[in-house]
Amino acid sequence: MDEIEYKLKTNNSVLIVNAIDKLISTIKSKYQPAEKQKFALENEELKFLREKCSSENTLVSLTAYQGLLALVEFGVLEIGHTMSTVITLLPTAHNYSATISTMAGLLILDLRSRLIPGQPYKCQFSLRSPVHPLISVLEKNKDAEDDVLAQMHALCTHPDYKISSNSLELLRSVFFWLMCNPQQKSASIRPWQMLLSLPQTTAQTSILLDCISCQQICNPALLERAFAAYSAVTDTFIYQQRRDYVMALLPFLARISNEMLKNGRDPRACYSLIERCFALEAPVLRTVAGFTVLLLADNLTQSSALYLHELFNLCLNIISKYEYSALSLNAFAALSLQWLHLPSYLTTNALKVASSILDIYRDTNKEDSGLYMPNLKANKIFQTLLYTDGHLYKMFKVIETWERLRDDPEKLIQWFNQLIKSNHNLKIDILPFFVGIIFEKRKEEFDAVMLMAVGVIIELVNVKKDLSVTVLPILMYIIANDPRPSVKLECLKGLPLMAMSKENVPPIVNVLNKLKTNKSVPTSVVIMLYTILAETQEENPTHCRASSHGLELVSVISSILNKCTDRSGAAATSMALCALAALWRGAALAPPGTWRALEPRLARDSRPLVQISLCKLLEEIPALRVSSPEYERLVSDASRWLWRRLAEAQHPDLADAACDALAAFKLEDFKLADIPEIYRSTVRLPASHCKTPADAARKPEDVLEYIPCEVWSEVFRCSSECAVRGAGRVASALVGAEVRAYRGGLYNTEGRGEPHSYAHLLPSSVLRGLMECFRKQVTSPSFEYSDTVLLAILETLTVEYSKPLPPLDLCFLHEALHRGPAWRDLCFKLAARQTPVSPSARRLFENFLLLVQPGKCSEADIMIVFKNLSILCRGMPPNTLRGPIERCLGDSFSNMCKTAGKGEEPLFVRLLWCMRDALACDKIHDANRTLLSQIIETYFNVIPDNGMAWHAYLECCGHLSSNYLERMTSPSGWWEVSADALVRSCRVRTVLAAIADCRTPLTWLNDVIDSCAQCISVQEYTLQCMVNALQLAPPDAETTKDWLLQLMARSQIAFIETEDESAKLYLFDVFMLSVIMLSGVWTLEPEVGQVTGSRAVRRALLPAALAALLSRDQWRSCSLQILEWVSHTRTATNDVAMAQCCQRALLALRHTENFASHKIWMRL
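Per full-length UniProt numbering, the very first residue in the sequence shown carries number 1; after that it's consecutive.
Given below as structure tokens:
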């Protein structure tokens, strides 16, 4: 050993090599195969050799490492053990180059040992345990990257084909660590250059796509690094003329430019790269040209003036050189208008180019017929990358669906109705699509879609105020250039709403003033627009509030009222009065002064439309009341005018408007003198006011401060037929206020029995007047009151008030029961309402229930009982109700098949609807609720789930208490679980999840999901049933988020406990469907049935849906749980498609904070 030590210190390479050789020979001579493990740990020469590997002398350490490698080749040392030894020497290593070269040699030996003929090589190392040795070096010493790259290049270009052909698989994790590590803020471009310099093989392409798809373009800290990678890859493909790859990367370059603008970076390098791509002169690029322009259009809302010229130039060059879809140019031209609308010296050159693009749009009249998106999707590279970017996928999918449906107007409208109901986040993401639709030049059948698109962009301004600057020029352009009146009108209606931004107010007012001056639209429309502008509110500057600037409209309104006095001006006058109502509500004008100015001019106006608008204006007065003599006079004048309109009304709409206005007043607001003579002609002074002949000679209206009760029956009798129903609404409002004021003592009849009349109520009581009139006309009929009037009075008495009417002996109702079906219905309804407080009403109904026998009574009598069931269940005991209900339901169910084909709804179904209404009423007694619930439960297994009664039965189930529902529908409580029973349970529970008024409605789905996992035949059906519940669930509610997390937890347990592949795939289907529905991404498909019916569609939508969901503030907190769950699920089954879907989902979520901080990226 001394000699060896001496030679190693000589610094002579020949002697050093000779010394190490002697050391190797000594080790070989002492090697005992039987004690291999012990020898490797305890042999002194071997320890000495390892020690020399860490020598500060570069030559010694390099030669010592060669010695270790030689011992492996001789079979003295094992490859794995030696690799571990080399890794443990890293902290003390001085010569990293020697360490890395030794690792490379060991990797080659390991590769040779693992090659099996006919089978692909799979590297044992990864980003996680066991960590690749070269990654260990890089983690210990970042300066070793050059040496690592040199060895990687040597391996990839190794002269032995077996080594070079498998080198990329051997180094896959190292490439991934070097090029995709998000925790490295700055990374060298050299790994990309080295990988791109290698021969084009399947393995090279695979690593390249995997690494490029992991670039975090939405992370501001990694954006420049991501662009550098894309730039290196794209430049190489351009040089190599690999057109398919260039075509696939172009949309992603457009997306990167968008993210650069969002994060304040200069996008011009990206624009230049896109320009170079399109300079390839490749016909295949026409497939992606339009889509790239559409994505670049999104930049127009975020670009600064500095980068605008390059953006417009790029777009102009693309559309000048390649074929493109009209929709793409539409979107770009539409979004360019915001810059043309507000020109600046800073944008002079850019706007010249923008004007050229707009001219091209104007001169182009082609209709799209090409299927660009399917052709783009046929590109395998694009398809691989597409699912890794949620925003890009949403834009791609919406255009793909548009291309599929654009020539089928019916399906297109159905899809658009679905799309416009999606959440605002999704609609903002695809805003270029909507504005492109608005600029479409298509036939008349397309108008409905265009109007919906206009409505969407106007709606989005309320969500995101800044969009008003973008949307206003679009609306103004359409108003100026579109020939279709319906489209112009829709844009005009939206124009005032753009006043959400203060900068938009001057151009809006300018347009409205021109419309008013030129008389190019009806005056009523102009007034409507001014009214909308006055009502448009904004939180900060109050430039559009009635209280601030409402007075500016007064002169305009006054001018209209003065000019529009003929019949043709009725609409304009009506709109002007609506504007006055808005100004009253905004406290811009005082109602008393306004009415004093209006009354001489309009009080006697004979135009019905104007009178109706006046009624609506006066309806505002009670809500604006203040305590002052001026307001008291206004209330009196208004009520007098309204009463006169009611008395003279011959127009049904006018009568209704006057009655609705009167119903807003209090009884104390009315004076007898205000009531028209026709209604108070029968009023006589009470005896208390007639003590002398002179007193008796006075007029009642001069003496009485109240309206006597007998007036109210005259209001019904003397009003025109078209006003009777409206009079009932006025009376109902006043009786309701009267009943609310009654004290409990009035309802106490103990010891004195029920009164025979309401004479004990106040003389001004509306209820007293109506009931006494009705009672007298029933017991002693006269010809003064028609049946129509009496039925209207009776209907007013049967209205549901806050509590029953005071007790009254209702025996007189027997006289009216036989006067016709309408009389019979209303009399029993009045008796039902009075059963809680009136013994006579209770007796009347109990006797009637005894007579309700199926087969012996009419169907109308059965319906009377059930129509009033929600009322009866408040005051009748269950024992009284049980018999009639069970008998009627049982008989009607048994006869349902006989009446099914007669074209009318079977009696059983109608009875179920009545049961539903009773269960929905929260005022029924608990004992009666129990009775109804028990009866409904008995029909669960009897009613066919495909029969006509099933829908009504489901509605009933929606109002049962949870204990009954659990017993009926929970498979965990059944003796036997069958497919048919599961279908029933699923239908009931999914309805409950959609309508249940509880904190966590989606929990109703849990039992069904768990049970159906074991029953393949009903799995797809249950997904169809769940859709409605998931659509109606509040997506951002805490309870919804908790439910999804619980679903994931239960699924993860099931993945561990079961070996059934179909159960695992079903649970994953439920998760996919839930995420897709809650995120709103399902609306991008032509119809929701494609989401529930195709697992492939769900897999395609999931990555974008997860990215959309976790981008919301309410869902960010659970991003880690979802990332962990998706990562675990990827390996939970043997299904390759599911693993690929999870992989894509993880890539789509790579921009979340937890993806890097919890090293999710290392699991890819």
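Cβ atoms here follow ideal geometry from the backbone N, Cα and C, with glycine treated the same way.
Setting aside the 5 residues that flank it on each side, Val1126 is surrounded in the same chain by Cys1142, Ala1145 and Leu1146, each with a C-beta closer than 7 Å to its C-beta; the list follows chain order. The beta carbons of Pro591 and Trp584 sit closer together than 8 Å.
DSSP places Pro120 in the coil class of the three-state scheme, outside both helix and strand. Looking at the DSSP output, Ser320 shares a beta bridge with no other residue.
Here Ile560 is buried. Its C-beta has 16 or more other C-beta atoms within 10 Å.
For Thr301 against Ile318, the beta-carbon gap comes to about 19 Å, at or over 8 Å, which does not count as contact. Check the Cα spacing between Glu1020 and each of Ile1053, Leu316, Val988 and Val983: the tightest is with Val983.
In the DSSP secondary-structure assignment, Ser126 is bridged to Val131. Closest option to Asn895, judged by alpha-carbon separation, among Val148, Ala949 and Asp861: Ala949. Excluding residues up to 5 positions away in sequence, nothing lies with its Cβ nearer than 6 Å to the Cβ of Asn963 in the same chain. The Cβ atoms of Pro693 and Leu654 lie no closer than 8 Å to each other. Within the model, the alpha-carbon separation for Val1081 versus Asn423 is close to 9 Å. The C-beta distance from Leu761 to Leu810 rounds to 16 Å, too long to fall under 8 Å, and the pair is not in contact. Cβ-Cβ distances below 7 Å link Arg268 to Tyr307 and Glu310 in the same chain, with the five nearest sequence neighbours on each side left out; the list follows chain order. Beta-bridge partners of Pro854 (DSSP): Cys857.
For the options Tyr939, Ile557, Leu115 and Leu451, the alpha carbon positioned closest to that of Phe893 is the one of Tyr939.
Taken in chain order, the complete beta strand (DSSP E) segments of 3 or more residues contained in the segment 198-272 number zero; there are none.
The beta carbons of Met194 and His153 sit closer together than 8 Å.
When the beta-carbon positions are compared, Leu872 and Ala816 stay at least 8 Å from each other. Our two residues, Ile437 and Ser1094, have alpha carbons roughly 29 Å apart in a direct line.
By the criterion of a C-beta distance shorter than 7 Å, Ala448 is surrounded in its chain by Ile413, once the five residues flanking it on both sides are discounted.
Counting other Cβ atoms within 10 Å of its Cβ, Tyr239 stays below 16 and is therefore classed as exposed. Burial state of Asp110 is buried, judged by a 10 Å Cβ sphere holding 16 or more other Cβ atoms. When the alpha-carbon of Leu451 is set against those of Asn462, Pro485 and Leu1164, the nearest one is in Pro485. Contact annotation, Pro251 with Val284: C-beta distance approximately 14 Å; criterion of less than 8 Å not satisfied. Here the C-alpha atom of Phe1068 lies approximately 37 Å from the C-alpha atom of Gly455.
Just so you know, the alpha carbons of Gly855 and Thr1003 end up roughly 44 Å apart.
In the displayed model, Thr1003 falls within a helix according to three-state DSSP. Nearest to Val246 by C-alpha distance, out of Asp1036, Thr930, Phe227 and Cys277, is Cys277. Secondary structure note for Gln834: its alpha helix (DSSP H) is the uninterrupted segment Pro821 to Gln834.
In the structure shown, Glu5 adopts helical secondary structure according to DSSP, grouped into three states.
Annotation for Arg112: the continuous alpha helix (DSSP H) segment containing it runs Tyr96 to Arg114. Secondary structure of Asp922 (DSSP, three-state): coil. In the structure shown, Ser627 adopts coil according to DSSP, grouped into three states.
A straight line joining the alpha-carbon of Ile217 with that of Ala40 spans about 49 Å. In this structure, the CA atom of Thr531 is about 5 Å from the CA atom of Ala579.
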